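Here is the structure we will look at, set down as structure tokens.
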Amino acid sequence: MSQKNRISVITLSDRSIEETERNSTNERTQNLKAANFEKAIAAAGYGKFQYLLLLAIIPVSWATSMDTASVAIILPSAECDLKMTFTQKGILNAIIYMGMISSGFLWGYIADVKGRRTVFIYGYIADGICNVLSGFSQNFWTLAFFKFLSGFLISGPHASMVTYVSEFYGVKGRVKIPLIIGFSTSFGNIVTSVLSWIIIPQNWSIVLWDGAFVYNSWRIFLSICSLPLFIGVIGLYMFPESPKFLMSEDRMDDALKVFKIIYKINTGKPAEEYPIKHLENDAFKKGSTDSDQDGKMDKKTIFLYPYFLQLILVTLMQFGSMYITNTIRLWQPQLFAILENFDPTNYNLTAKYAPTFCEILDLSSVTNISATISENVTCTNITVKESVYTKTLIVSASGSALLLLASYALNFLNHKVLLHICYGMAFVCIVCMYWSTSTLVTLILTSFFVGLSNTTLNTIVAATVILFPTSLRTIAVSTVMAIGRIGSMIGNILFPILLAQGCFVPIIQLACLVLLCMIVTCFLPMNKKNKK
25 MSQKNRISVI
35 TLSDRSIEET
45 ERNSTNERTQ
55 NLKAANFEKA
65 IAAAGYGKFQ
75 YLLLLAIIPV
85 SWATSMDTAS
95 VAIILPSAEC
105 DLKMTFTQKG
115 ILNAIIYMGM
125 ISSGFLWGYI
135 ADVKGRRTVF
145 IYGYIADGIC
155 NVLSGFSQNF
165 WTLAFFKFLS
175 GFLISGPHAS
185 MVTYVSEFYG
195 VKGRVKIPLI
205 IGFSTSFGNI
215 VTSVLSWIII
225 PQNWSIVLWD
235 GAFVYNSWRI
245 FLSICSLPLF
255 IGVIGLYMFP
265 ESPKFLMSED
275 RMDDALKVFK
285 IIYKINTGKP
295 AEEYPIKHLE
305 NDAFKKGSTD
315 SDQDGKMDKK
325 TIFLYPYFLQ
335 LILVTLMQFG
345 SMYITNTIRL
355 WQPQLFAILE
365 NFDPTNYNLT
375 AKYAPTFCEI
385 LDLSSVTNIS
395 ATISENVTCT
405 NITVKESVYT
415 KTLIVSASGS
425 ALLLLASYAL
435 NFLNHKVLLH
445 ICYGMAFVCI
455 VCMYWSTSTL
465 VTLILTSFFV
475 GLSNTTLNTI
485 VAATVILFPT
495 SLRTIAVSTV
505 MAIGRIGSMI
515 GNILFPILLA
525 QGCFVPIIQL
535 ACLVLLCMIV
545 TCFLPMNKKN
555 KK
């Protein structure tokens, strides 16, 4: 080889070495550069870990809807056993929301201090135990106590679970998490309806101490509703604490380990190959040395313009949405039981046409809220027709289907347009229900009304996540849900009272509330993300 060629080879070799060293140095520099949460979760990837997490939360996501719907479904069957008046039925429907309201902010504080995972693991276990014990209730007040306790316990775990799941996603995926979990939660209504259809019509009964203790089919149903909670907790126990929470606690090494686990599961590569080696907390970017002071400033910001105005708008809308949704959703088993047991031959009906939905309710003696079951010596345990449970199942399935459709529609429509569509169609349904003359038409209108109104409350939560910055998002969502639960509580207490004045009164009240929500939606602001 000539001298010239030898020199060329050496020169090329040196250049290659220099380039390799430069790339290696750049890579080391990149690794040494600290990454925030968004960069770290993006580097961990999206895949098997998130899919497994969504699969694990399915059973526990049913808890909120099962806790509320299970009480509503047993009311016709438990009427005589618990000697309930119509007003007491309303209280029983509402009392779980009283429990949720009383503990909402307490759970939020505990979740911020102890972590999301700790709250929902122990909270779901406690709620499951409470559901088992509620099945052993022998009188109205015992069942009311356990349902209040159940509401007190379930509020925190559910909110913590939603936050927990969203913190394993980047910005793009995080927006849809409330709707995805909302769909899974609404599916819990279907599970509850199926279980009630299978269990409650049975003649199962355990009687002890000369009838002092009775454990019959509707009580067994209440206890079995705890099973999804225990199954879900076993699955969720396998998952780590939220990396975002760990970073907020300045536990960077622990957070990095979680990111490596996500990376390993999603990519199938060794955890050591995770490209991020150092993390930084966004809260400390601006040089603040007092995170507590930052937290205080963030909380005060929500009471300033424009966030305070936005908070008022979304809370008003959520109050109305949860009022109309949970009033009809929780009373529809009782209403369908009335329709199914209505016998026109017992009334002097002179009209040639069939009685309308409201005429049947007005004619039924159950609208007399002052009537006490204990005064009716002929009262016997009621075996509700299976058709009532199938109708409840159809209403629940329709609600889940519409929510799934709404989740897909958000790819083309913004939240504001979707809310206008849902409120408008819900208004038509509730007005038409007043003149409905057949059970089938009433079933269709009820299914659409519950599904559309349920879609609005989940869409409002999703819009809240977009409208508020990260530092204000938790307190905003907590406030929105707390006010919404107040709406659910008031709606269920007022419904039997208003129904006693005539069916027209609660129907027109619900219709006016839907219109009010539709008007408030017009003032909902639209930021860039919402428009997109």
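The sequence shown begins at 25 in our numbering and counts up by one.
From the three backbone atoms N, C-alpha and C, an ideal C-beta is built for every residue, glycine too.
In this text, all values refer to a predicted model and were calculated from it rather than measured experimentally.
Identity of the residues DSSP links to residue i by a beta bridge
i	result
L232	F237
A59	L303
For residue i, the first and last residue of its enclosing alpha helix (DSSP H)
i	result
N438	Premise fails: N438 is in no alpha helix (DSSP H) and is neither H nor E.
F381	F381 to L387
S179	F164 to S190
V408	Careful: V408 lies outside any alpha helix (DSSP H) and carries neither H nor E.
Y347	Y331 to N365
M90	A87 to A102
L106	Segment: none, L106 is in no alpha helix (DSSP H) and carries neither H nor E.
C154	R140 to S158
W221	I201 to I223
I532	F528 to T545
K281	M276 to T291
N482	T463 to L491
G69	Neither: G69 is in no alpha helix (DSSP H) and is coded neither H nor E.
L270	P267 to S272
F263	Segment: none, F263 is in no alpha helix (DSSP H) and carries neither H nor E.
G194	Taken as a continuous stretch (DSSP letters only), G194 belongs to no alpha helix (DSSP H), as it is neither H nor E.
C-beta contact flag for residue i and residue j at 7 Å
i	j	result
S220	W228	no
L203	A80	no
V125	A535	Reading off the sequence, residue 125 comes out as Ile, not Val. Going by C-beta atoms, I125 is not nearer than 7 Å to A535.
N155	L354	no
F129	M185	no
Y458	M542	no
S471	I214	no
T349	L481	yes
I290	F73	Note that residue 290 is Asn in the sequence shown, not Ile. A contact, by the Cβ cut-off of 7 Å.
S208	I201	no
F164	I119	no
M122	M513	yes
Q342	I230	no
F381	S460	yes
I300	A64	yes
P267	V282	yes
P100	A361	yes
L467	C456	no
M90	G212	yes
G515	T351	yes
Q344	L537	The question names Gln, but residue 344 in the sequence shown is Gly. Contact: yes.
L167	S161	yes
C6	L385	Since the first residue shown for the chain is 25 and the last is 556, residue 6 is missing from the structure and cannot be characterised.
G152	F237	no
Given residue i as reference, the closest of the options once Cα atoms are compared
i	options	result
S127	T325, A295, I543 and S179	S179
Y133	S502, L537 and G508	S502
V338	N213, R497 and A361	R497
V195	F61, L363, M122 and I531	F61
A67	L442, L280, P530 and E383	L280
M262	L157, T466 and L77	L77
V504	A486, N516 and V538	A486
L270	D105, R198 and E304	E304
V252	I517, L177, T216 and W233	The question names Val, but residue 252 is Pro in the sequence shown. Nearest of I517, L177, T216 and W233 to P252, Cα basis: T216.
V408	V544, C104, Y75 and T88	C104
T109	Y75, G197, I521 and R198	I521
L523	L539, S388 and V452	S388
F176	T187, Y148 and G159	Y148
Y331	A500, K440, A150 and A295	A500
A93	E383, F192 and Q356	Q356
L464	A295, Y188, I418 and A430	I418
A58	L434, H302 and L363	H302
Q358	Y70, T88 and A96	A96
I454	I532, N435, E383 and Y298	I532
Y432	G511, Y75, Q334 and T479	T479
G71	R509, G114 and G197	G197
H182	Y146, F192 and G159	Y146
L106	L335, G159, W131 and A135	G159
P225	P379, I98, A430 and G511	I98
Residue i: CB within 6 Å of a non-hydrogen atom of the ligand NAP
i	result
A183	Because no ligand of any kind appears in the structure shown, any question about the ligand NAP cannot be addressed here.
Inspect the CB distances between the segment 419-426 and the segment 457-477 and report whether three or more fall short of 8 Å. The segment 419-426 is in contact with the segment 457-477.
Stretch pair the segment 134-141 + the segment 67-86: three plus CB contacts closer than 8 Å: No, because fewer than three Cβ pairs between the segment 134-141 and the segment 67-86 fall closer than 8 Å, the two stretches do not touch.
Hey, is the segment 241-251 in contact with the segment 270-279, meaning 3+ C-beta pairs nearer than 8 Å? The segment 241-251 vs the segment 270-279: no contact.
Any chance the segment 411-419 sits against the segment 483-493, with 3 or more Cβ pairs inside 8 Å? Cβ pair count under 8 Å is below three, so no.
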